[in-house]
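Colleague: Protein sequence lines, in the order shown, are assigned to chains A and B.
Going by numbering that gives the first Met the number 0, the first sequence opens with residue 0, and the numbers climb by one from there.
Going by numbering that gives the first Met the number 0, the second sequence opens with residue 0, and the numbers climb by one from there.
The C-beta atom is built at its ideal place from N, Cα and C for all residues, glycine as well.
Since the model is a prediction, treat every value here as computed from it, not as a measurement.
The following block contains the structure, expressed as C-alpha cells.
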Amino acid sequence: MATPDEHNRRLSDRRAIHIAYAQAVPLTYCIDSDLCLHLNGTGHCSRCSDACPADAVDFLMSAQENTIRVGAIIMAPGFSPYNPQGKGSWGYGVLDNVITSPEMERLLSSCGPTSGRLLRPSDNRPVKQLAFIQCIGSRDPHPCGHGYCSSVCCMTAIKEAMIARDNDCELEVTVFYSDMRTHGKGFDRYFQRASDKQIRFTRCRPHGIEPAGKDGALRVRTINEQGRQLEETFDLIVLSVGLEIQEPTIQLASLAGIHLGPEHFASTSSFQPVLSSKKGIYICGAFSGPKNISLSIEQGSAAAAAAASLLMSRRDTKTRKLRLPPAQPPAAAVKTGVFLCHCGNNISETINLETVRKQISVLKSVSHVEEVLFGCSQDTRELIIDLVRSLGLNRIVIAACSPKTHEALFRRTIREAGLNEYLLEMANIRNHDSWVHALDPDAATDKAVDLIKMAVAAVMLKRPVTANTAAVKQTALVVGGGVTGMTAAINLADQGFPVDLVEKTDRLGGNGLNLHRTWNGEHVPPYIKKLQAQVLDHPGITVHFCATVLDAGGHAGNFHTTIRDHKEHRRIITHGAGIIAVGGKRSLPDEYGYGKIPGVVAAVEFDALHIYNDIRVSRGSSFVFIQCVGSRDETHNYCSRVCCTHSVQSAIELKKEDPNRQVYILFREMRTYGLRESLYNRALELGVIFINYEQFGKPKVKSHDEQITVEVWDHILHRPLHIMADMIILASGILPNPDAGRLASLFRVNIDEDGFFQEAHPKLRPVDLPTDGLFVAGLAHAPKPIEESISQALAASARAATLLSQKEICLDAVKAVVDDKHCDGCALCIDVCPYQAITPLETIDADGEQHKLVAVDTMRCTGCGICQGTCPKRAINVVDFTYEQLTAKIEAALN
Amino acid sequence: MRPEHKPKIIAFCCNWCGYAAADLAGIQRIQYPDSLRIIRVMCSGMVHPEMVLHALNKGADGVMIIGCQLGECHYIDGNEKAMARAELIDELLEDFGFENDRFLITRLSSSESEQFARTVGTMHKRVLELGPNPNSNQDNGDTP
Numbered sequence: 000m001a002t003p004d005e006h007n008r009r010l011s012d013r014r015a016i017h018i019a020y021a022q023a024v025p026l027t028y029c030i031d032s033d034l035c036l037h038l039n040g041t042g043h044c045s046r047c048s049d050a051c052p053a054d055a056v057d058f059l060m061s062a063q064e065n066t067i068r069v070g071a072i073i074m075a076p077g078f079s080p081y082n083p084q085g086k087g088s089w090g091y092g093v094l095d096n097v098i099t100s101p102e103m104e105r106l107l108s109s110c111g112p113t114s115g116r117l118l119r120p121s122d123n124r125p126v127k128q129l130a131f132i133q134c135i136g137s138r139d140p141h142p143c144g145h146g147y148c149s150s151v152c153c154m155t156a157i158k159e160a161m162i163a164r165d166n167d168c169e170l171e172v173t174v175f176y177s178d179m180r181t182h183g184k185g186f187d188r189y190f191q192r193a194s195d196k197q198i199r200f201t202r203c204r205p206h207g208i209e210p211a212g213k214d215g216a217l218r219v220r221t222i223n224e225q226g227r228q229l230e231e232t233f234d235l236i237v238l239s240v241g242l243e244i245q246e247p248t249i250q251l252a253s254l255a256g257i258h259l260g261p262e263h264f265a266s267t268s269s270f271q272p273v274l275s276s277k278k279g280i281y282i283c284g285a286f287s288g289p290k291n292i293s294l295s296i297e298q299g300s301a302a303a304a305a306a307a308s309l310l311m312s313r314r315d316t317k318t319r320k321l322r323l324p325p326a327q328p329p330a331a332a333v334k335t336g337v338f339l340c341h342c343g344n345n346i347s348e349t350i351n352l353e354t355v356r357k358q359i360s361v362l363k364s365v366s367h368v369e370e371v372l373f374g375c376s377q378d379t380r381e382l383i384i385d386l387v388r389s390l391g392l393n394r395i396v397i398a399a400c401s402p403k404t405h406e407a408l409f410r411r412t413i414r415e416a417g418l419n420e421y422l423l424e425m426a427n428i429r430n431h432d433s434w435v436h437a438l439d440p441d442a443a444t445d446k447a448v449d450l451i452k453m454a455v456a457a458v459m460l461k462r463p464v465t466a467n468t469a470a471v472k473q474t475a476l477v478v479g480g481g482v483t484g485m486t487a488a489i490n491l492a493d494q495g496f497p498v499d500l501v502e503k504t505d506r507l508g509g510n511g512l513n514l515h516r517t518w519n520g521e522h523v524p525p526y527i528k529k530l531q532a533q534v535l536d537h538p539g540i541t542v543h544f545c546a547t548v549l550d551a552g553g554h555a556g557n558f559h560t561t562i563r564d565h566k567e568h569r570r571i572i573t574h575g576a577g578i579i580a581v582g583g584k585r586s587l588p589d590e591y592g593y594g595k596i597p598g599v600v601a602a603v604e605f606d607a608l609h610i611y612n613d614i615r616v617s618r619g620s621s622f623v624f625i626q627c628v629g630s631r632d633e634t635h636n637y638c639s640r641v642c643c644t645h646s647v648q649s650a651i652e653l654k655k656e657d658p659n660r661q662v663y664i665l666f667r668e669m670r671t672y673g674l675r676e677s678l679y680n681r682a683l684e685l686g687v688i689f690i691n692y693e694q695f696g697k698p699k700v701k702s703h704d705e706q707i708t709v710e711v712w713d714h715i716l717h718r719p720l721h722i723m724a725d726m727i728i729l730a731s732g733i734l735p736n737p738d739a740g741r742l743a744s745l746f747r748v749n750i751d752e753d754g755f756f757q758e759a760h761p762k763l764r765p766v767d768l769p770t771d772g773l774f775v776a777g778l779a780h781a782p783k784p785i786e787e788s789i790s791q792a793l794a795a796s797a798r799a800a801t802l803l804s805q806k807e808i809c810l811d812a813v814k815a816v817v818d819d820k821h822c823d824g825c826a827l828c829i830d831v832c833p834y835q836a837i838t839p840l841e842t843i844d845a846d847g848e849q850h851k852l853v854a855v856d857t858m859r860c861t862g863c864g865i866c867q868g869t870c871p872k873r874a875i876n877v878v879d880f881t882y883e884q885l886t887a888k889i890e891a892a893l894n
Numbered sequence: 000m001r002p003e004h005k006p007k008i009i010a011f012c013c014n015w016c017g018y019a020a021a022d023l024a025g026i027q028r029i030q031y032p033d034s035l036r037i038i039r040v041m042c043s044g045m046v047h048p049e050m051v052l053h054a055l056n057k058g059a060d061g062v063m064i065i066g067c068q069l070g071e072c073h074y075i076d077g078n079e080k081a082m083a084r085a086e087l088i089d090e091l092l093e094d095f096g097f098e099n100d101r102f103l104i105t106r107l108s109s110s111e112s113e114q115f116a117r118t119v120g121t122m123h124k125r126v127l128e129l130g131p132n133p134n135s136n137q138d139n140g141d142t143p
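Laid out in C-alpha cells, this is it:
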C-alpha cells in the first residue's frame, strides 16, 4: 500500500510499512495503522509478519496509557510550517511549480525524491530560473497570515539558493525579500557569499503568482528599486513559509495549564526564558517563539539546567550501577572464536554460511566457529559468554551487522565473560554484504569470507586495553560577572557545584548595568540587583573581584587556572569545568559627528538622557535614529542583533510621550526578528518614519548654528531628503571583549574572524568550546539580547553539569599511543592534531643519551588518527586501528 | 581484460560518514558491485598514504578513501587533511607505476547512501576498464 511520504513533503510515495527517514532513531520499520490493510480492517494481508524471521511484527499491539510521575516537565513540541494553500494569491496547490521551502529542502536533498536534482514538479524538466518569495505567512498582518517574523526563513532561502547554485552554476536565482534578516553569528558573511555567487536579491514583495502560458512557467510582477514595474517569469518559485504553532500544540499547552501569548507561542519572561507560566514546566525551542537550530539546542540545554536545579535533591536517586567480573589477562596463544549470525535469514538467505564456516574454520588462529540465529539475542549472548569461558576463547569475531550499532553490545558481552572488551572485531556481513549483493549469493559468500578473514587477521593483533579514568573536580570556574556569568554561576551552585566567579571590575553586572528594559518591556535594573544579591549571598559561589586570568592549564575534569585578584594575590583555582562569559564591549561611533556635535549621541547615552528626562529629549521635536553604526561595515562585518529592536523601542516611547514628534529611523535592514516584529508594527502605526539606506549611501549629518541636518537618499521620491533634527541617536554596535584573544590562547581555544569566541560547532554544539570541559555563553560568543544570553548561560551550565555530576570520567581507550622506540620527535603529528593533544617531549635514557619524542595528552586526544596518517615512522597509532591492524586487514582481503 | 577477472577494491571509510552511508545503503537494500572491501577508520585523515600504496602492492585493483563532506568532519578538518594528502598519494602511485585511476578519494555525508553506491559503481567500472592490477593474486614487492 502506497501513500505520500510525509518526510519528502508528499513529493514521493512510501509504503504502509516504512522507515520514517534515513536518520530516524531507532532506525527500524514502523507500520502506518491507517494504511495497513490488516490494521485498518479492509483486508487480511499479513505479508510483513509472514516474512519477518524475527517475528517482530505484532498486529495486536495497541496504544497504551501510562502514568509517569515526574518532578519536572520539559515541553519541546516545536512548530509547524505555515501552509499557504488557499491563502493569498500564491497559487500553491494549484500551480505545480509553486512549492514551499520545506519541499525545496527535500528536492535538494540527495536522499530526497529527485536524488538532489532540481526538477520542476510539473514535468520533471531541470529548473533554469528559480525564485524565492520571502515572508509567506510571516510579517503579514492579514487574517490568513501572522504578524510576527519567523526569523529563520531568510537564512533558509539563502542556504537553499546556495545549494541550488552549487549544483548547477547556470541556474538563475532571485530572492524577493523585504528585509534580509541574517542577524545570527556569521550569517551576514553567508549572505555576502550568496551575493558573490550571483544570487540576485531584490527588495520587493510581489503580490502574487500567475501562470505564464501553458508549459508550467510562472509570472511575477515586481517593482524594481527605481520604482518601475517589471514582469519576470520563472520555472520554479519557492514560497519561504513561516513557522507557526498549530492546534495540537495549543491543546497540549491547555492540558498542561500553561499560558500562551497572542500568536500561540508559550509566554516566557526574558529573565527566565525557558520557564513556562507554571512552576516545574519548562519550555524550549520554537514553542516560545520562532528560532533556529542553534538557539533551539541552547534552549534545550537551558531547560535541562533549570529542571536539574529544581530536582537537585533527587539527583542520582534512580541511578543503577553495573557490576562486572574482573577481566582476565588473555593466555599467550591466540584462540579466536567466530560467531556467524544468520540475522534471522537476513544474512543466511543470501550468504551460504556453511561454506563460510568451512573456510573460516581452517584459519590457524581460529579455534571455534559457531552459527547463531540472532547474535544480539539474550540467549546467544549467554552462549558467547559460556563458550568464552569453557573453550578459553580470547579473541572474538562477530560476523553480523554494523559495529556502529552493535559493537557496544558485544563489547559488554565479552566483558561480562571476563574478557577485555577491546579483544573484539566485527565483520559487517549484513549491511555491507548480504543486503547489498542479494542477487549474487556466490559473490556475497566470497565477500563474507573475505570480510571475516579481515576481522580475524585484525583481532589477532589486538591486546587488552584498559580505558583510563580521571577524577573530576566537581567545581566550576566562571570567567565574567555579567548577567551571563551570574546566571551560570547561580545555576551551577544551585545544582550543588561550588563556583569560583572571576570578575574583572569591582562590580557585578557587566553590560547589563547599561540596560533598562528588555524588548518585551521588563525592567532590567531590579533583575540585575536580584542576581547580584543571589550571587553574593550564595554559599556555593566565591566571587573574585578586580581579578584577571593569568594562566590556564589542565583538562576536562581537572583544570587549573591562575588568577590575580584585587589584592594583587596570585592564586591557582582548580576546577572541573569552565564557562567563559567575558561579555563584549559597546562600540564608540567615529562617524556622523559623534563627539563633535552635541546633539549626536549613542543609543546607550540616549537611554540615560531619556530616563532622566534631559531637556534635549523632553523639548525635542525631531529625532533621527541611524542604524548599523559600527556594525555590518568593512571592519565589523557582522550584525549586532539588538540595535534595530532597541531603536524601534525608543522611537515608540518618544511617539507615545508626544505624538507630534517627528521620529525617523534610517536603517539598512530592519531586523526586528521573531516576535519583536510587533514592536516594528507598533512603530509604523504610531507614525515613525522608516527610511532605508545602503552601506555605500550613508546618511550625512551636518550642523549649522546649533541646527542639525541629516541628508539621506529617499528611495521612494528618488531624491535626497533633508531632515532637521534635534537629536541624532546612533545605534552603535557590540564589539568583542578586547581581552578575548589573550584568554582564548590561554585556554587553548579560538576566536572567530570578528574576535568572538568560536564554538565547537555553530549549529550542534553552540556553547561548547573545542576543548572538552570549557564552554562559552553570552556576548563572548556573539552579540545577542539579554534573554538569549540567559538561555546560553543556562545551556553552558547544563553542559558543564553533565561533566561535573560524575566523580570520575571514563576515557575512551581508542586514543593515539606513541611508540617510543620509533618516534624521532619530528613533530609532524603536532602540526596536524586538531585538538593540540600532542606535545614535544625530551627524555634521557639510562646511558645519558637524549631522545626527542612526542607525548599524547589522553584527555585531549579523540582518537581520530590524523597523526597516524601523517607519521613517517609509523610511531603513533590509534588503539583498535593501528597501522599493523589496518594492513593485516588489507592483506587478508586480498589473499 | 581477462573475462574471469573479479576485481577487489579496498575502501577506507570514515566511521561517521562513509561507513554510515554504507550501512544505510544496506538498510535500503541498494545493490552495488561486490568488489568492495570496506575497512573502517575513525577519520579519512587516519589513512596513511603508504597504506594506499601497500594495498596496491598487495594486489588491490582499486583503493578508495571516503570521508565526510567539507565542514562536516567529526574531527574539525581531518577530511581536508586527507584531501591535501591525496595529491601526495597521486604522485606516490605514479612513482610506483600505478595508474592514477586506481585511487579515488571522495566525500559523502552519512545519509548519502545512493551517492555511495553510485561512487562504488563508478570506481568498479574504472578498475574494470583498467584491467587487473599486475600485482593481484601474487605478492610482488613490498611497501617501503
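Out of curiosity, what's the CA-to-CA distance linking residue 81(B) and residue 36(B)?
Modeller: Translated into positions along the second sequence, residue 81(B) becomes position 82. Translated into positions along the second sequence, residue 36(B) becomes position 37. Roughly 20 angstroms between the two C-alpha positions.
Colleague: Using the Cβ count rule (16 or more neighbours within 10 Å means buried), how would you classify residue 120(B)?
Modeller: For this step, residue 120(B) is matched to residue 121 along the second sequence. Flag for residue 120(B) reads exposed.
Colleague: When you compare each of 127(B), 46(B), 99(B) to residue 875(A) by their alpha carbons, which one comes out closest?
Modeller: Along the first sequence, one-based indexing puts residue 875(A) at 876. Ranking 127(B), 46(B), 99(B) by Cα distance to residue 875(A) puts 46(B) first.
Colleague: Nearest chain A C-beta to residue 46(B) closer than 7 angstroms, yes or no?
Modeller: One-based indexing of the second sequence puts residue 46(B) at position 47. Cβ-Cβ to chain A under 7 angstroms: yes for residue 46(B).
Colleague: If we define contact as Cβ-Cβ less than 7 angstroms, is residue 159(A) a contact residue for chain B?
Modeller: Sequence index remark: in the first sequence, residue 159(A) carries index 160 (1-based). Not one chain B Cβ lies under 7 angstroms of residue 159(A).
Colleague: Using a Cβ-Cβ distance under 7 angstroms, would residue 430(A) count as near chain B?
Modeller: Locating residue 430(A) in the first sequence gives position 431, where the first residue counts as 1. By this cut-off, residue 430(A) is an interface position.
Colleague: Assess contact between the region 698-713 of chain A and the region 566-573 of chain A, defined as three or more Cβ pairs (one per stretch) separated by less than 8 angstroms. Is contact present?
Modeller: no
Colleague: If we define contact as Cβ-Cβ less than 7 angstroms, is residue 33(B) a contact residue for chain A?
Modeller: As a position in the second sequence, residue 33(B) is number 34, starting the count at 1. Yes, residue 33(B) counts as interfacial toward chain A.
Colleague: Grouping DSSP H, G and I as helix and E and B as strand, with all else coil, what is residue 453(A)?
Modeller: For this step, residue 453(A) is matched to residue 454 along the first sequence. Helix, per DSSP.
Colleague: Please name the residue in 790(A), 799(A), 800(A) whose C-alpha comes closest to that of residue 302(A).
Modeller: Taking the first sequence and counting its residues from 1, one reaches residue 302(A) at position 303. Comparing Cα positions, the closest option is 790(A).
Colleague: For the region 759-825 of chain A, list the alpha helix (DSSP H) runs that are entirely contained and at least 4 residues long, ordered along the chain.
Modeller: Complete alpha helix (DSSP H) runs here, min 4: 785-803.
Colleague: Compute the Euclidean distance between the alpha carbons of residue 805(A) and residue 861(A), then round it to the nearest angstrom.
Modeller: Within the first sequence, residue 805(A) is the residue found at index 806, counting from 1. Within the first sequence, residue 861(A) is the residue found at index 862, counting from 1. Near 20 angstroms, if we compare the C-alpha coordinates of residue 861(A) and residue 805(A).
Colleague: How far does the beta strand (DSSP E) with residue 553(A) in it extend, from its first residue to its last?
Modeller: Your numbering for residue 553(A) matches position 554 in the first sequence. Run containing residue 553(A): 547-554, per the beta strand (DSSP E) assignment.
Colleague: Which residues of the region 51-77 of chain B have a Cβ closer than 7 angstroms to any Cβ of chain A? Give them in chain order.
Modeller: 53, 54, 57, 58, 59, 74, 75, 76, 77
Colleague: Which chain B residues are close to residue 459(A), counting only those with a beta carbon under 9 angstroms from its beta carbon?
Modeller: Translated into positions along the first sequence, residue 459(A) becomes position 460. Going along chain B, no residue has its Cβ under 9 angstroms from residue 459(A), so there is no contact; the nearest lies around 16 angstroms.
Colleague: Going by DSSP, what residue range makes up the alpha helix (DSSP H) through residue 78(B)?
Modeller: Here residue 78(B) corresponds to residue number 79 of the second sequence, with the count starting at 1. Run containing residue 78(B): 77-94, per the alpha helix (DSSP H) assignment.
Colleague: Exposed or buried, which one is residue 24(A) when buried takes at least 16 other CB atoms within 10 Å?
Modeller: On the first sequence, residue 24(A) is found 25 positions in, with the first residue counted as 1. Exposed is the call here.
Colleague: Going by other Cβ atoms of all chains shown within 10 Å of its Cβ, with 16 needed for buried, is residue 878(A) buried or exposed?
Modeller: On the first sequence, position 879 is the one that residue 878(A) refers to. It counts as buried.
Colleague: Are the C-beta atoms of residue 37(B) and some chain A residue less than 7 angstroms apart?
Modeller: Here residue 37(B) refers to the residue found at position 38 of the second sequence. Yes, its Cβ sits closer than 7 angstroms to a Cβ of chain A.
Colleague: Which value, in whole angstroms, describes the spacing of the CA atoms of residue 531(A) and residue 208(A)?
Modeller: Working through the first sequence from its first residue, we reach residue 531(A) at position 532. Working through the first sequence from its first residue, we reach residue 208(A) at position 209. Spanning the two alpha carbons is a distance of roughly 56 angstroms.
Colleague: Name the residues in the region 88-106 of chain B whose C-beta lies less than 9 angstroms from a C-beta of chain A; which are they?
Modeller: none
Colleague: List the endpoints of the continuous alpha helix (DSSP H) containing residue 485(A).
Modeller: Along the first sequence, one-based indexing puts residue 485(A) at 486. Its alpha helix (DSSP H) spans residues 482-493.
Colleague: Are there three or more Cβ pairs, one per stretch, closer than 8 angstroms when the region 777-785 of chain A is compared with the region 637-645 of chain A?
Modeller: yes
Colleague: Would you mind listing the alpha helix (DSSP H) stretches within the region 486-542 of chain A that are 4+ residues and don't spill past its ends, in chain order?
Modeller: 523-536
Colleague: From the beta carbon of residue 120(B), is the nearest beta carbon of chain A less than 7 angstroms away?
Modeller: As a working note, residue 120(B) is residue 121 in the second sequence. Closer than 7 angstroms: no.
Colleague: Whose C-alpha, out of 71(A), 245(A), 254(A), 401(A), is nearest the C-alpha of residue 274(A)?
Modeller: On the first sequence, residue 274(A) is found 275 positions in, with the first residue counted as 1. Closest by alpha carbon: 71(A).
Colleague: Below 7 angstroms between beta carbons is the criterion; list the residues of the region 844-873 of chain A that meet it against any residue of chain B, in chain order.
Modeller: Answer in chain order: 861, 862, 863, 864, 865, 867, 868.
Colleague: How long is the line joining the alpha carbons of residue 825(A) and residue 813(A), rounded to whole angstroms?
Modeller: Here residue 825(A) is taken as the residue at index 826 of the first sequence, counted from 1. Here residue 813(A) is taken as the residue at index 814 of the first sequence, counted from 1. Each residue's alpha carbon lies about 23 angstroms from the other.
Colleague: Using a threshold of 6 angstroms, is the CB atom of residue 525(A) nearer than that to any non-hydrogen atom of the ligand SAM?
Modeller: The ligand SAM is not among the ligands present in this structure, which contains no ligands whatsoever.
Colleague: Please identify the residue among 196(A), 688(A), 631(A), 771(A) whose C-alpha is closest to the C-alpha of residue 646(A).
Modeller: Taking the first sequence and counting its residues from 1, one reaches residue 646(A) at position 647. If we check each option's Cα against that of residue 646(A), 688(A) comes out closest.
Colleague: Would you call the CB atoms of residue 588(A) and residue 601(A) closer than 7 angstroms?
Modeller: Here residue 588(A) is taken as the residue at index 589 of the first sequence, counted from 1. Here residue 601(A) is taken as the residue at index 602 of the first sequence, counted from 1. In this structure, residue 601(A) lies closer than 7 angstroms to residue 588(A) by Cβ.
Colleague: Is it a yes or a no for the region 251-261 of chain A touching the region 195-202 of chain A, going by three-plus beta-carbon pairs under 8 angstroms?
Modeller: no
Colleague: Please state whether the Cβ-Cβ distance between residue 60(B) and residue 133(B) is less than 7 angstroms.
Modeller: The residue given as residue 60(B) occupies position 61 in the second sequence. The residue given as residue 133(B) occupies position 134 in the second sequence. Going by C-beta atoms, residue 60(B) is not nearer than 7 angstroms to residue 133(B).
Colleague: Am I right that residue 361(A) and residue 335(A) are in contact with their C-beta atoms under 8 angstroms? What's the rounded C-beta distance?
Modeller: Within the first sequence, numbered from 1, the residue matching residue 361(A) stands at position 362. Within the first sequence, numbered from 1, the residue matching residue 335(A) stands at position 336. The pair is not a contact, with the Cβ atoms about 13 angstroms apart (cut-off 8 angstroms).
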